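Single-structure report; data block below.
Residue numbers (my numbering): 298 to 526.
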């Protein structure tokens with residue numbers, strides 16, 4: 298694929314609600330102590346990547362990375378409501394373990410190919426459609442773009458790119474501050490690599506890693522054999 302642009306989706310740092318296993322879609326939640334350190338490492342990795350633009354969810358846990366990186370790069374973080382986390386409606390703030398007793402276990406049940414969200418919550422279908430509108434926008438972006446977003450939106454973005462059905466799209470694990478790199482030819486997106494930690498993203502940026510080149514290509518054969526043994 299001839300590269301027109303590259304898009305990195307990065308999940309926000311760990312929050313106090315992540316530790317407590319609570320749903321936090323549209324709630325602004327404080328970062329945990331680990332999350333504060335993760336934000337610093339993530340911002341440093343973005344700076345090393347030298348993107349042309351940084352797009353962020355409106356929520357503070359995403360701004361914790363985006364604003365720091367943008368300032369160091371003399372950019373302005375661009376808020377985009379399309380990349381905000383899914384709305385959990387009446388289940389916002391509830392512990393995941395308590396949801397079955399409330400009648401709305403999460404992930405949402407899917408019956409006959411249709412998700413059954415809690416009252417006031419966003420359905421999987423609506424989330425994926427929202428992600429699809431952003432995919433259509435993102436595939437036309439030139440250069441390098443970083444999007445600081447959320448686990449649910451990242452899953453929906455992948456579902457929109459590859460047509461993953463609602464029964465399966467939530468199965469992917471999206472760790473805090475992990476990055477997922479997509480390459481665009483101007484007409485479609487393709488997932489280049491997934492689940493990069495900030496340290497690996499920074500390493501690849503500094504070694505000039507580009508699509509089509511093995512991330513191990515800069516390792517001598519003897520070193521590669523040693524690493525594999």
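Just so it is clear, CB atoms sit at the ideal spot from N, CA and C, and this is done for glycine as well.
Because the structure is a prediction, the values reported are computed rather than measured.
- Under the DSSP assignment, residue 446 falls in the beta strand (DSSP E) whose first and last residues are 440 to 446.
- In the three-state scheme derived from DSSP, where H, G and I count as helix and E and B as strand, residue 477 is classed as strand.
- Within the stretch 377 to 463, the complete beta strand (DSSP E) segments of 3 residues or longer fall at 406 to 408, 411 to 413, 440 to 446, listed in chain order.
- Checking the DSSP bridge columns, you'll see residue 491 has no partner listed.
- For residue 303, the enclosing beta strand (DSSP E) begins and ends at 302 to 308.
- A Cβ-Cβ separation of about 5 Å places residue 478 in contact with residue 490 under the 8 Å criterion.
- When rounded, the separation of the alpha-carbon atoms in residue 435 and residue 368 is 22 Å.
- Within the DSSP secondary-structure output, residue 319 pairs in a beta bridge with 392.
- Residue 354 counts as buried, since no fewer than 16 other beta carbons sit within 10 angstroms of its beta carbon.
- Residue 457 sits away from residue 476, with the two beta carbons spaced by 9 Å or more.
- Counting C-beta pairs with one atom in each stretch, the stretch 344 to 358 and the stretch 323 to 334 have three or more that are closer than 8 Å, which means they touch.
- Bridge pairing for residue 504: absent [DSSP].
- The C-alpha of residue 474 lies about 15 Å from the C-alpha of residue 316.
- Between the alpha carbons of residue 485 and residue 454 lies a distance of about 13 Å.
- Around residue 415, the same chain offers 386, 387, 388, 401 as residues with beta carbons nearer than 6 Å, after the five sequence neighbours per side are excluded.
- Inclusion of residue 382 and residue 448 in the CB contact set at 9 Å is warranted, their separation being smaller than that value.
- Around the Cβ of residue 409, a 10 Å sphere holds fewer than 16 other Cβ atoms; the residue is exposed.
- Residue pairing by DSSP places residue 485 in no beta bridge whatsoever.
- For residue 324, no alpha helix (DSSP H) encloses it, and the DSSP letter there is neither H nor E.
- In this structure, the beta-carbon distance from residue 502 to residue 347 falls below 9 Å.
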